[in-house]
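Taking it in order: structure first as structure tokens, then the write-up.
Numbering (our numbering), first residue to last: 1327 to 1503.
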């Protein structure tokens, strides 16, 4: 994965000094679980990274803090928005996987996991080099398994106190026209 100021899918919002979620729309207030990251233990079968229960120990998405409720005020504009495409997936290596596994369930390869971790370190380095000490990140991620895995990989580069939230956004996904 290549990192620059704008990267080809989980996105990162950077630069929120006083992290406050924008007010939820009436639809979000009625259906908050469809907009907030749900606690899940995504299976990592075949990735070489599974523990006995099939998850990465201590690294499920619910380990990331999240803002799922409406609060007053707004966050200042982010300094930078970075878009990251998911790491190498099983479907990138072998297209026949799509005939056996539904697209949203396709996982990262080992190379994809390594790429996600490397991308997280490079993004963190880029942020630190901006010279601002009080930076924070907010992640938006597609519900697809490979993008959630990419987020877990790149999220390892950030201390918990630097992550203001994670939002699983169903509209960030493959589009069929």
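We treat Cβ as the ideally placed atom computed from N, Cα and C, and that holds for glycine. As the structure is a computational prediction, the values presented were derived from the model and not from experiment.
At which residues does the beta strand (DSSP E) containing residue i begin and terminate?
| i | result |
| --- | --- |
| residue 1406 | 1406 to 1409 |
DSSP puts residue i in a beta bridge; with which residues?
| i | result |
| --- | --- |
| residue 1422 | DSSP, once it has assigned bridges, lists no residue as partnering residue 1422. |
| residue 1434 | 1415 |
So, for residue i: in the same chain, excluding its five sequence neighbours on each side, which residues have a beta-carbon less than 7 Å away from its beta-carbon?
| i | result |
| --- | --- |
| residue 1450 | 1483 and 1484 |
| residue 1499 | 1468, 1469 and 1470 |
| residue 1419 | 1435 |
| residue 1432 | 1415, 1416, 1417, 1423, 1471 and 1472 |
In terms of residue numbering, what span does the alpha helix (DSSP H) encompassing residue i cover?
| i | result |
| --- | --- |
| residue 1481 | 1471 to 1481 |
Is residue i close to chain D? Criterion is C-beta to C-beta, closer than 9 Å.
| i | result |
| --- | --- |
| residue 1453 | Structure shown: chain D not included; a single protein chain is present. |
From the DSSP output, in three-state form, read off residue i for me.
| i | result |
| --- | --- |
| residue 1449 | helix |
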